[in-house]
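In the numbering used here, the protein residues as written are 54 to 680.
Here's what the structure looks like:
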């Protein structure tokens, strides 16, 4: 029975609870999350790790007047439960339900929407400076995981904080993980701080001083002790050098300590950073044993944590093909930005450990790092989600394409990402890549063609990119990959009334439309474009002389997408044959089930049929198709 949780309708309701009741509430929240997310799926591990931290923040501060920012914001489920959304929590990540991240339009307590790492510190500083200019007194608290500090934007913000505001609280939520275990010098630095016995003893002593004495005297004693110890242990503590007062590390699951610490920091007259240690997946053994799996997952058994076995995914097919490619070519190296599990590269890593590189949440660095390797004759493959590669647009243009370096970008989650929503949909990559000179851009219809395209990319002298979706593969028989003729489409069926082009994983819709039109007496050509750039101009010109209309299907926004490429090509060759473009509208698409969203926004066979048939009947009579 979640008696306490049931009584919480707003953050004000927890302020009357005593520490013992808060501890009970924390356990009720954990039990609620485990049971609820077993049905809907979601980011279980990160949220189990911040229950006490979130409770302490809401107990000491006053949201929405005080502003809470969570980096990425996939760890805000407790925040949502405490801010009047408990009764709707069963709808999280479901169509029409709560978003899995912070969303400003969802609740007044969500002051900043997020979904990509590294943004909280910059946004929090912006809010703090705006408060200062307006003469406000509210607190701004940014919670950022240790993985966020592998992102360059976080350090750009740190470089400015002390110069631009006197009041900002940063909480470093240190659990040693993003999705995979954190890597690099920053991760090692945090570990060094945490595991130093002398430093921990100092903080235990300083904590007791604050608790027993209190007030300004205690603050001064604590600060002098901190500075002296840091000077002995390390010549320069990272955050102090940025002008922030550093406190911690403290136990992020010790509610009384968190409460007292936040009360102390609430009145700080300098920017502060509180280093808290939390345990990802705390309270659910399967989530602690399988940290990567339980970062974010679908429905599971709330008793055992077991999930339904699934078929091979596009990510796994990519990683398997890359490993085989690397077996044949010693120049092939794999690069990921803290996503070995999501991109499938954790399957590549044990086979070629010396040719696997995880650079942390640093997409720009990943691309320029790849460019450097390419100048020395290697063939780097950057496996980065479509939505995250957006961050690296300038390095793609300036460092890779301008120098015509053979870097391959494999863009996972291209297209709709379903339950994760607009921060994670990969709907813009064609638009931001196809205008780059010398870029080859491809989309496979199945996993065998994905392997073909990867092999083809290894023969190119300049940059290339392949987009493929989240989810299970088509399931075609495995065969040896082959090099594809550059810029040539695959005509699966000839026709004379309509040419239907299904880009990548949208081919099943193109096939269904072709079958429906054939059944109505029209002659439909079915075409697998394969290449977005260079597009097959000869094929388009050939069919422009024969058909009454073209149809394109793409899992991308229509504006500047593949259909736009075909439209531009028709204009360039002087053709006035109409084109029906099936793709996403010029707006951000909400989270939900992919089939339902396609139905809502007209990415369906029915929508295409209703638009193309009038063009066919107006331009020419039906071709008699033999039966």
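By construction, the Cβ of each residue, glycine as well, lies at the ideal position given by its N, Cα and C atoms.
For residue 58, which residues from the same chain have a beta carbon less than 8 Å from its beta carbon, with the 5 sequence-adjacent residues on both sides left out?
-> 78, 81, 82, 85, 134, 139
Going by beta carbon distance, what residues of the same chain come within less than 6 Å of residue 470, once the five residues before and after it are set aside?
-> 477, 478, 523
Proximal residues to residue 148 (C-beta, below 7 Å), its chain only, five neighbours per side dropped | 645, 646, 649
Top-ranked residue by Cα proximity to residue 559, from 509, 69, 531, 606 = 606
From 408, 541, 453, pick the residue whose C-alpha is nearest to that of residue 517; which is it?
-> 453
Could you tell me the distance, in whole angstroms, from the CA atom of residue 496 to the CA atom of residue 61?
-> 49 Å
Taking one C-beta from the segment 91–109 and one from the segment 123–133 each time, how about it: are there three or more such pairs within less than 8 Å?
-> yes
Secondary structure at residue 304, three-state DSSP: helix, strand or coil?
-> strand
CB of residue 314 within 8 Å of CB of residue 299, strictly = no
Ordered list of beta strand (DSSP E) runs contained in the segment 100–172, each at least 3 residues = 120–123
Spatial neighbours of residue 68 within its chain, please: CB distance less than 7 Å, with the 5 preceding and 5 following residues excluded, ordered by chain position.
-> 112
Please confirm if the segment 458–469 is in contact with the segment 598–614, defined as three or more CB-CB distances below 8 Å between the two stretches.
-> yes
Tell me the DSSP bridge mates of residue 404?
-> Note: residue 404 sits in no beta bridge, so no partner.
What first and last residue would you give for the alpha helix (DSSP H) that runs through residue 440?
-> 439–442
With DSSP run on the structure shown, which of helix, strand or coil describes residue 604?
-> strand
Across which residues does DSSP place residue 69 in a beta bridge pair?
-> Paired residues: none, contrary to the question.
Give me the Cβ distance between residue 460 and residue 427, rounded to the nearest whole Å; I'm assuming they're in contact under 8 Å.
-> 5 Å
Assign residue 152 to buried or exposed, taking buried as 16 or more other Cβ atoms, counted over all protein chains shown, within 10 Å of its Cβ.
-> buried
CB contact flag (residue 630, residue 623, <8 Å) | yes
In the structure shown, what three-state DSSP assignment does residue 654 receive?
-> helix
Return the chain-ordered list of same chain residues with a C-beta closer than 6 Å to the C-beta of residue 683, the five sequence neighbours on each side being excluded.
-> This structure does not reach residue 683, given that the chain is present from 54 up to 680, and the question cannot be answered.
Using a threshold of 8 Å, state whether the C-beta atoms of residue 387 and residue 410 are closer than that.
-> yes
Reduced DSSP secondary structure (H/G/I, E/B, other) of residue 227 | strand
Would you mind sorting residue 498 into buried or exposed? The rule is 16 or more other CB atoms within 10 Å of its CB.
-> buried
Outcome for residue 397 when other beta-carbon atoms lying within 10 angstroms are tallied against a minimum of 16 | buried
Give the DSSP-derived three-state secondary structure of residue 416 in the structure shown.
-> helix
Between the CA atoms of residue 296 and residue 287 - distance to the nearest angstrom = Confidence at residue 287 is low in this model, with a pLDDT of 41, below 50, so the placement of that residue should be treated as unreliable; the coordinate-derived value is given next. Spanning the two alpha carbons is a distance of roughly 16 Å.
With DSSP run on the structure shown, which of helix, strand or coil describes residue 512?
-> coil
Is the segment 549–565 touching the segment 577–584 in the sense that three or more CB pairs, one from each, lie closer than 8 Å?
-> yes
Among residues of its own chain, excluding the 5 on either side of residue 266, which ones have a beta-carbon nearer than 7 Å to its beta-carbon?
-> Per-residue confidence for residue 266 stands at a pLDDT of 42, beneath the threshold of 50, marking its modelled position as unreliable; no derived number is given.
Backbone secondary structure at residue 352 - three-state DSSP | coil
Separation of residue 537 from residue 590, as counted between CA atoms = 16 Å
Assigned exposure category for residue 472 - 16 Cβ within 10 Å defines buried = buried
Top-ranked residue by Cα proximity to residue 120, from 169, 72, 183 | 183
With distances taken from CA atoms, which of 173, 73, 178, 205 is nearest residue 415?
-> 205
Consult DSSP for residue 499 and reduce its assignment to one of helix, strand or coil.
-> coil
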